Amino acid sequence: MPKSRNDKLQGTLTLLVLRTLESRGALHGYGLCEHISQVSGELLEMEEGSLYPALHRMEQDGWVSSKWEVTDKGRNAKVYAITAQGKRQLADEQQSWDRLTSGVKRVLRYS
Amino acid sequence: MPWYQRWRNVFRPEKLNAELDQEFQYHLAETTDRLVAEGLPREEAVTEARLRLGNYSIQKESTRDMNIAVWLDSTRADIAYGLRQLKLNPGFTTIAVLSLALGIGANAAIFQLVNAIRLKTLPVQNPQELVLIDFEDGSVRHGSGWGPHGIASYPQWDQIRAHQQAFSDVMAWHQELFNLAMGGEPHYARGMYVSGSFFRGLGVSAILGRTLTERDDNDACSAGAVISYAFWQRQFLGDAGAIGRKLTLNGYPFPVIGVTPPSFFGMEVGNQYDVAIPICADRLLAKDGKGRMPLNTGFWLAIIGRLKPEWTVARATAHLRAISPEIMRATLPTRYRTEEAKGYLANKLKATEAGSGVSGLRTEYERPLWLLLATTGLVLLISCANLANLLLARAAVREPEIAMRLAIGALRWRLVRQLLAESVLLAAAGAVLGAGLALIISRSLVLLMSTPNNQVFVDLAPDWRMLAFTAGVATLTCLLFGLLPAVRAAYLSPASAMRAPASAMRAPASAMRAGTRVTSGRERFSFRRGLVATQIAISLVLLFGAFLFVRTLNNLVTEDPGFKAEGIFAVEIDFGKSAVDYAARDASAIETQRSYDKRRGVYHEISDRLSAIPGVASVAQVDITPVSGNGWDNLVGVDGAAAVNGKDCNFDALSPGYFKTMGTTVLAGREFNDRDTLSAPKVAIVNETFARTFFGGANPVGHTFRVSAEAGKAEPVYQIVGLVRNSKYHDLREDFQPIAFLPKTQDETPGPGATFVVRVAVPPGPVMNAAKNAIREMDPAIQIEFHALSLQLQNSLLREKLMATLSGGFGFLAAVLALLGLYGVISYTVAQRRNEIGVRVALGATRANVVGLVMREAAVLLGVGLAAGIGLSLWAGTAAATLLFGLKPHDLASLTAAAALLASIALLASYIPARRAAGADPMPALRSD
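Protein sequences, first through last, are from chains A and B. According to our numbering, the residues represented by the first sequence are 389 to 499, in order. According to our numbering, the residues represented by the second sequence are 8 to 936, in order.
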């Protein structure tokens, strides 16, 4: 199965990150990368670094909050968590995504 | 992240970078660990981790962009870059900032003065509602006038007050100096007589005590004084207990009843009032106990009104015109004859805007100030042209770099922004420094405009208008000299710039030094030449102006006033309250024949005492000294013709020996002598202009003339016994006027004050002291004041001196700047044509040939500039026409002189680089190509 290209993924990145944070709780950037690639069964792969601009953007918009923590290994990691505003945004984006996919499906099914 | 955090992050790049690095490093570390756990060797794991991350720098930058205000960051970078560029060229930066500061500062200073004198409104309530009531031109008001703004008599004021409908309040006032001293040398306070409605009508309330009201200005006149804040500080040291303390004005005590706020300086811009007393107090201070109030022929009051709501100035004028006839009828002076009466009854009143107060200062200095503003504007323009030239030259040098940046994707407007940053910094620095300079310059100008007798008070506190002006000028200059080079640099086509000879790329340093870019250099260079030609033209205009004003001043200073002013000083005596005078008055202090006789005796004694002082060459008494601001005129008819149909003539009264003292030649007949007594026939001496006006230039000695008299009295007849040289009467600028001199010894009603002119052959200091002592011996209550006559003349030329000094200074500055521009451009030409010159020399051209080649270029620029400048000068000269003396505005001598001066120094300035070029070794020039 061809791996999904970066450009389409960038658009849905917000949705994926917010959903991940909602279900998994607070995570650092590396953890988010791992989760997305694992759970999608490696169907979704992206340039890992491009996650960070998106994360910082989301923090600026107020959908996630961040803080620095020390991991068990003793390293400093910046950990992100979803906010109430983020949860609302997630609901909105999920709705739009559902609408989009249903619409595309219907058009594709038409023969 | 809230916006202020994004702003803060612009200024803490290290912290932000550190955080981002840490975040990315953590990611890489975890990935590496996992890969190592999966079995990859460490180094490969590290590389793989980085690969998976993607482009570290780009990702980090994108992330960073999310955390900062991007526009602010790029602005900060531009400014930092601009600062660095300026620091790298300290010479250029200093010169640029200084010339900008001077240009902007001078403009702001002059504007500050214009603002204070012309534009600012009075610090009263709703100044735009205030209106000055005045007579229309051509009004007939024969009699006595007082003060620079007095126009109405008290009866007229009464009538206006009673009949006017246009104003919610009318206020009258009169400016006068009050003597605070009780004898000896006078100590003057600047005072005002004001009507009861004055302070209320203006909306000025007291900060201490109260102001005058209608109840203070009535027949009972229990007069109190309102003082200004400045006077309160000076005289009473700001003591709150000043209320109730007594102030002696002209010997009469007034209790202080209130203090006005510091911002209220009175009605006249340029003057700060000290004391205000009600108009009725004029009666108390008058020597005859009645004063000017009952006089129909004493025009001393100025009147201002506050328009009722909905009323306009035009409507008020119409209303005033309508009520004028009945006012004139009610106040017609009885002594007027038929002709005068008819004219008087036809007088019409009008209203003019008065929101910015009245001002003698304004009338005198308004035109010069606007001219000076134009001058400083032009100087600034030249400055900007110089800076533009310099920046264009530097931009040309940076062409390959800019071309490269454009080629790899920079946005043009982004480049313009960066190049403009330097200019913005220069303009900002110049503006800040300039604003500071402006305060210094404007204060110095005010000091220049003041004389000890007549100090100028102008509110120079910077207000929003001045700051806006400074900012506006700074922005304009920045655009003028910065935008063009930046735009031209950034909008060239990269290909043409990069098409520069390959050597430029191989040896960029030498290529940049020689500036051997022919194609794009050419069109830009003619713009620069155009700039220099414009600079030369403008400098010529300014130099021409300087010559005009300096020559005007010279003409005035060397103008023969008709007497020798050096070595004369005037002694003014006032024995108003002295025992010497009082003793002669009757019980009700009214003047009598005895008191007049007594006065004559006193004058004689003073004259004798003064003559006795060692060092005194001669002494004489006179009523009006030349160029003093006072005057006395009347109608004259000659040889039996009635005076009422005659012409106007100036008068003066003097004692024997006056003309000898003043150094005025007696051309025919004699001086007055002791035989011209009260019982002798009336005699007079006239000047040349009188002879020309009334006798067509024939010798007037032996003829008679009559002088206009009051209704019911016969016209006095005088016999002319002498003819003297012309001398100036009111001021140095006027043409010689007809003057008739009467003998003081035949004065039937000598006043309680007298002026003596004393000619000294030695330094006047000790003589003045001796004079003071001599007079004080007679009575210590006699007031004495000294004036040096030459100083009086000089002070009347203050405005001309100011114009000459400033225009001279600015003309010089402009010329220097233009020459710097010319020098720069010629040097650049020489550098550009180095190869050509090298070839010519190699082929056998002599030094002289090379110099001639370069000078031709300079001569062309000079020629074009001068031609344009001459045209501009002739056109601009008309603006200064009224300020000139003895010169026409198209004075060819001054124009030629200015052009010659400019041309000679310009040729000198271009000779230097020409010689340098001629002396240079041609080989390096040839080799570099």
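Glycine included, C-beta positions come from ideal geometry on N, C-alpha and C. Note that the structure is predicted; figures quoted are calculated from it, not measured.
Item: B/Leu129 (DSSP reduced to helix, strand or coil); Value: coil
Item: DSSP beta-bridge partners of B/Met199; Value: B/Gln182 and B/Ala283
Item: Cβ contact check for the stretch 223-230 of chain B and the stretch 320-340 of chain B: 3 or more pairs under 8 Å; Value: no
Item: Nonlocal neighbours in the same chain, by C-beta distance under 7 Å from A/Asp486, ignoring five residues either side; Value: none
Item: Beta-carbon proximity check, B/Gly815 vs B/Leu432, cutoff 8 Å; Value: no
Item: Interface flag, A/Gln483 vs chain B, CB-CB below 8 Å; Value: no
Item: B/Leu126 beta carbon less than 8 Å from that of B/Arg472; Value: yes
Item: Supposed close pair B/Asn393, B/Arg535 - CB separation, criterion 8 Å; Value: That belief does not hold up - the Cβ atoms of B/Asn393 and B/Arg535 are roughly 11 Å apart, past 8 Å.
Item: Chain A residues whose Cβ lies nearer than 8 Å to that of B/Tyr63; Value: Gly437
Item: A/Gln426 classed as buried or exposed, judged by whether at least 16 other C-beta atoms fall within 10 angstroms; Value: exposed
Item: Distance CB(B/Trp639)-CB(B/Asp659) smaller than 8 Å; Value: yes
Item: Other residues of its chain near B/Ala761: CB distance less than 7 Å, five sequence neighbours each side excluded; Value: Ile580, Tyr610 and Gln628
Item: Beta-bridge partners of B/Arg313, as assigned by DSSP; Value: B/Leu137 and B/Asp176
Item: Distance CB(B/Leu256)-CB(B/Gly198) smaller than 8 Å; Value: yes
Item: Inter-residue CB distance, B/Arg713 and B/Ala650 (contact presumed, cutoff 8 Å); Value: 4 Å
Item: Rounded straight-line distance, which links the Cα of B/Phe556 to that of B/Ala900; Value: 13 Å
Item: Contacts of A/Ala465 in chain B (Cβ-Cβ under 7 Å); Value: Tyr33
Item: C-alpha gap between B/Asp85 and B/Gly479, whole angstroms; Value: 22 Å
Item: B/Asp681 versus B/Arg148: straight-line alpha-carbon distance, rounded; Value: 37 Å
Item: Chain-ordered neighbours of A/Tyr418 on chain B, where CB pairs are closer than 8 Å; Value: Tyr33, His34, Glu37 and Thr38
Item: Residue of B/Ile620, B/Ala852, B/Pro770 and B/Gly676 minimising C-alpha distance to B/Asn780; Value: B/Ile620
Item: Inter-residue Cα distance where the pair is A/Ser453 and A/Leu409; Value: 11 Å
Item: Cutoff 8 Å: B/Thr128 Cβ touching any chain A Cβ; Value: no
Item: Residue environment, B/Asn694, which counts as buried when at least 16 other CB atoms sit within 10 Å; Value: buried
Item: Counted within 10 angstroms of its Cβ, other Cβ atoms place B/Asn114 as buried (16 or more) or exposed; Value: buried
Item: Which listed residue (B/Ala434, B/Leu452 and B/Asp470) has its alpha carbon closest to that of B/Gly489; Value: B/Ala434
Item: Helix, strand or coil at B/Tyr725 according to DSSP, with G and I counted as helix; Value: strand
Item: C-beta neighbour in chain B for A/Arg476, strict 8 Å; Value: no
Item: Distance CB(B/Ala913)-CB(B/Leu826) smaller than 8 Å; Value: yes
Item: Below-8 Å beta-carbon distance, A/His423 vs any chain B residue; Value: no
Item: Outcome for B/Trp307 when other beta-carbon atoms lying within 10 angstroms are tallied against a minimum of 16; Value: buried
Item: Rounded C-alpha distance that separates B/Met300 from B/Asn733; Value: 38 Å
Item: Minimum Cβ-Cβ distance from B/Leu60 to chain A less than 8 Å; Value: yes
Item: Three-state secondary structure (DSSP) of B/Phe142; Value: strand
Item: Contact with chain B by A/Arg494, beta-carbon distance below 8 Å; Value: no
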